[in-house]
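Protein chains in written order, with this note's numbering: chain A, 9 to 356; chain B, 195 to 574; chain C, -5 to 127.
Every residue, glycine too, gets a C-beta built ideally from N, C-alpha and C.
Predicted model only: the values in this text are computed from it and were never measured.
So the structure is just underneath, and the comments pick up after that.
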């Protein structure tokens, strides 16, 4: 893939809802073994939250950091697999809510858990091509797990937003290179009128998650002449606490480098927001000059990977809005009954 | 201008009776009471009929039901003060010399709606695009005011909750009252929250009722050998949302309507011997007392505690139970208030009679005092 | 059934999504919906403003007897807030339990679902307030 001319992140933001349910509690209901739970706890959206409201939360934080007037945002793209309307783009409501409408293009993207980086691909391309001055890419999901299924432990809610521009002087970080690796691999899917997705258990591992991430990253590093030493942080899509560490090992990346971007243990798998929230977490602490490897994974399947280099601008902009930790630490536990009510699993 | 006849239906959940029937019943009672069989025009006040009964056009409807089709008949609306608005319209027609005798009716039939429907319908007195849109019920607005009031004046709820206790005491012998029994202060304070700090027994219930007055000019009054009172009515308005006013704990509309009415009646506040307050909630009654000048700000509860508002007190208030115990069928209520003052001043109040009363004052409110009518009745 | 009337919902989204309002140039009175004449001083000139997103909580109450359309959310909290420019506004409070609320606490605006129509499923979004993060 081709290196980009000058594409920088000028603002970023992450949002996680307040409520948490512990995996222990889910295990209790379904009589599952409490050892080897895939995450400690996961984030659950409030009764009045959905993908759109969370996307707006993250976007507003990104705008605060960017310090630009929202009317200068020329594109708003939301990547999600839980859009509130099957027909009516979340992007239009987000664009209105942040003040970017009407001189804006807006639409939603779907590519399972990599829909967020999908939106990022598109926004970076629009900026790179000079079509827009600033663009907003969001990954957001209120993921639903089938009750009693393994994925119920991890399917969680969250949103991450990035404002992309061209001006290095305004930049928090520069997107130096990216690539995509996509094949037809049916590891996880949902047909139109179904409530919950289907997955293929162990098939979601080697042929899906690992195959695509490893190949995507290898292509990126080789084509664009990076070595593992160039990378200070490695952020992967986080379906559970184990997979990202295995991916790092397969790629020969020092596990220490994955530590800083790991959020899944505390908030679960936020699907389209997952790897992006890992990136937000890293940006909340990275120093100018450091490089971040970001690799998402979406079932169906594909992996987008990026090399992102932190710029001087990060120090002053970071403190303009709450860090992701503030949202992760803001938590209240709910039991399975309240969780079922929030996630509308109760038949009325 | 005079009230020459009144008609009241019992306030209740009238499952077997329709709105049309109720308003006709009250009208006929009033006509019979006055000895007049035909009037020259009709004004009908109703707040909820277009919503709950999906029925507009109550003027022409009532004229037909009364066999009076042909005369002008008009529906009048001012939220919960619709009944007073009808009285105001009828009064102005008499005062202008255009009619000799007018029928004025207030009616609402709340039990045709389910509780949530009625709650939503009652919100129509607030700004729908702002207050209604976020689900802020009428009671939640009152509750916020209650909270701010207790805070500012350092008055406990147990003082304010004395008002519904007083109302119930007065309703015991009221034939048309919805809840003719006493209640204790503990009952009020332990009743479930509607919207904290407002407790259920500080609010009014779903009620059906119709009340009617016959208003006549001086000439007609002289010819009628029935008990009469003289009526003066004035009105004022304020912003719909109390929180956009300068002080949410003060009702300027009441202050204005009351001074206008007193001035026109050539009376001072001390001349008022009997009072009808619009207690859609306990706190509204309290602030109304203060805003109309019968008590100092933050101190209305003292009148309650000292028993001044009881039947044998200095200023008997809500002598048939007020909105809480006599009942509050929305748009009909104001006409009940005026009819009850009329019964008092014509010495037909039975066991609730206040003998010394010669002039009475009724306050009728739309929303949280966004419309205020003050009606003064004088014994003749 | 209290339906969400689409034209009415859509017409005021600037206010509901972004707290956009109007201020009288002459006396400074805030009007939430486009005014023709100032309710306070009767002047006819206004400027468009974005109300501040933060403020302090003056009073709150918990609605336990909901109107039609709000049954599923009940109980919910209504707050009376003074925004940082002095504008007083009513809004639902979210992301909090009543026990946590204190008079005077800092709150901030956020976009949330306010209602969903039972029949045609349109979702109405609106500002709400939450304890400031």
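Between residue 230 of chain B and residue 273 of chain B, the alpha-carbon positions lie close to 30 Å from each other. When the beta-carbon positions are compared, residue 142 of chain A and residue 179 of chain A stay at least 8 Å from each other. DSSP places residue 314 of chain A within a strand segment (E or B) once states are collapsed to three.
In its chain, beyond the 5 residues on either side, 48, 50 and 126 have a beta carbon closer than 7 Å to the beta carbon of residue 100 of chain C. For residue 118 of chain C, the CB contacts under 6 Å within the same chain, skipping 5 residues up- and downstream, are -2, 3, 108 and 109 in chain order.
The beta carbon of residue 46 of chain C sits closer than 7 Å to those of 77, 78 and 79, all from its chain and outside the five residues before and after it, given in chain order. Runs of the beta strand (DSSP E) lying entirely within the segment 299 to 351 of chain A and spanning at least 3 residues, in chain order: 299 to 303 and 308 to 318.
Secondary structure at residue 144 of chain A: strand, using DSSP grouped into helix, strand and coil. As computed with DSSP, residue 149 of chain A is found in a beta bridge with A:166. DSSP places residue 429 of chain B in the strand class (E or B) of the three-state scheme. With a cutoff of 8 Å on beta-carbon distance, residue 549 of chain B and residue 512 of chain B are scored as not near each other. The beta-carbon separation of residue 103 of chain A and residue 112 of chain A, rounded to 5 Å, stays under the 8 Å limit for a contact. Under the Cβ distance rule, residue 30 of chain C does not count among the residues neighbouring chain A, no pair being separated by less than 8 Å.
A check of alpha carbon separations from residue 85 of chain C across C:13, C:73, C:93 and C:8 identifies C:73 as the nearest. Put simply, the CB of residue 48 of chain C is far from chain A, with every gap to its CB atoms at 8 Å or more. The shortest C-alpha to C-alpha distance from residue 303 of chain B to any of B:556, B:543 and B:525 is the one to B:525.
In summary, residue 137 of chain A is exposed, with fewer than 16 beta-carbon neighbours lying within 10 Å of its beta-carbon over all protein chains present. DSSP, read as helix, strand or coil, puts residue 24 of chain C in strand.
Here residue 276 of chain A is not near residue 120 of chain A, since their CB atoms are 8 Å or more apart. Counting other Cβ atoms within 10 Å of its Cβ, residue 320 of chain B reaches 16 or more and is therefore classed as buried. For the segment 45 to 70 of chain C, the set of positions with a beta-carbon nearer than 8 Å to some beta-carbon of chain B reads 52, 53, 54, 55, 56, 57, 58, 59, 60, 61, 62, 63, 64, 65, 67 and 70 in chain order. The three-state secondary structure of residue 277 of chain A, taken from DSSP, is strand. In this structure, residue 467 of chain B lies away from residue 396 of chain B, with their beta-carbon atoms at least 8 Å apart. Listed by position along chain B, the residues whose Cβ is nearer than 7 Å to that of residue 123 of chain C form an empty set, because the closest Cβ is around 11 Å away. DSSP places residue 261 of chain A in the coil class of the three-state scheme, outside both helix and strand.
Short of 8 Å from the beta carbon of residue 263 of chain B, and not among the five residues preceding or following it, lie these beta carbons of its own chain, in chain order: 254 and 257. Membership of residue 293 of chain A in any alpha helix (DSSP H) is not indicated, and neither H nor E is assigned to it by DSSP. Residue 359 of chain B is not a Cβ neighbour of residue 196 of chain B, given a cutoff of 8 Å. Against chain C, the CB of residue 215 of chain B has no partner CB under 8 Å away; the residue lies outside that interface. According to DSSP, residue 220 of chain A shares a beta bridge with no other residue. For the pair residue 12 of chain C and residue 105 of chain A, the CB atoms are nearer than the 8 Å cut-off. Taking 8 Å as the cut-off between beta carbons, the residues of the segment 103 to 122 of chain C near chain A are 104, 105, 106, 107, 108, 117, 119 and 122, in sequence order. In the structure shown, the three-state DSSP call for residue 255 of chain A is helix.
When C-beta distances to chain C are compared with 7 Å, the residues of the segment 62 to 73 of chain A below that value are 64 and 65, in chain order.
Here the alpha carbons of residue 226 of chain B and residue 444 of chain B stand approximately 41 Å from one another. In the three-state scheme derived from DSSP, where H, G and I count as helix and E and B as strand, residue 362 of chain B is classed as helix.
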